[in-house]
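Student:
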Amino acid sequence: MNPMNWFYFTAVVWILAAAKLHLTVVETFVAFFATWTFIKLILLTQDKKGYMSWATKFFKSNNNMKFFRYLFLLIFA
Numbered sequence: 001m002n003p004m005n006w007f008y009f010t011a012v013v014w015i016l017a018a019a020k021l022h023l024t025v026v027e028t029f030v031a032f033f034a035t036w037t038f039i040k041l042i043l044l045t046q047d048k049k050g051y052m053s054w055a056t057k058f059f060k061s062n063n064n065m066k067f068f069r070y071l072f073l074l075i076f077a
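Residue numbers (UniProt numbering): 1 to 77.
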């Protein structure tokens with residue numbers, strides 16, 4: 001499964017949870033990034049070859065946009 005699918009799924013789940021549980025914006029962001037970090041470090045590293053292949057392709061496609069490269073590394077690497 002593409003890592004971006006996990007990212008979007010996590011975002012949608014936490015937006016719905018925030019509405020249901022009446023979470024503040026800060027609580028929602030913290031919960032989202034904690035969950036995304038867990039998914040990235042635990043679930044996606046089980047298929048390292050596929051994940052790193054996807055990350056390398058995406059990183060190389062943004063060679064002219066330094067801001068997006070650093071943002072990508074911050075979130076996904």
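A virtual CB, placed ideally from N, CA and C, is assigned to each residue, including glycine.
Taking 9 Å as the threshold (C-beta atoms), are residue 28 and residue 15 in contact?
Tutor: A contact, by the Cβ cut-off of 9 Å.
Student: State the Cα-Cα distance for the pair residue 39 and residue 6, rounded to the nearest angstrom.
Tutor: In a straight line, the C-alpha of residue 39 is about 8 Å away from that of residue 6.
Student: Just how far apart, CA to CA, sit residue 75 and residue 22?
Tutor: Their Cα atoms are separated by approximately 26 Å.
Student: Could you tell me the distance, in whole angstroms, from the CA atom of residue 36 to the CA atom of residue 19?
Tutor: C-alpha separation (whole angstroms): 19 Å.
Student: Using beta-carbon positions only, say whether residue 17 and residue 34 come within less than 9 Å of one another.
Tutor: No, Cβ-Cβ distance for residue 17 and residue 34 is not below 9 Å.
Student: Helix, strand or coil: which one does DSSP assign to residue 23?
Tutor: Residue state, collapsed to three classes: coil.
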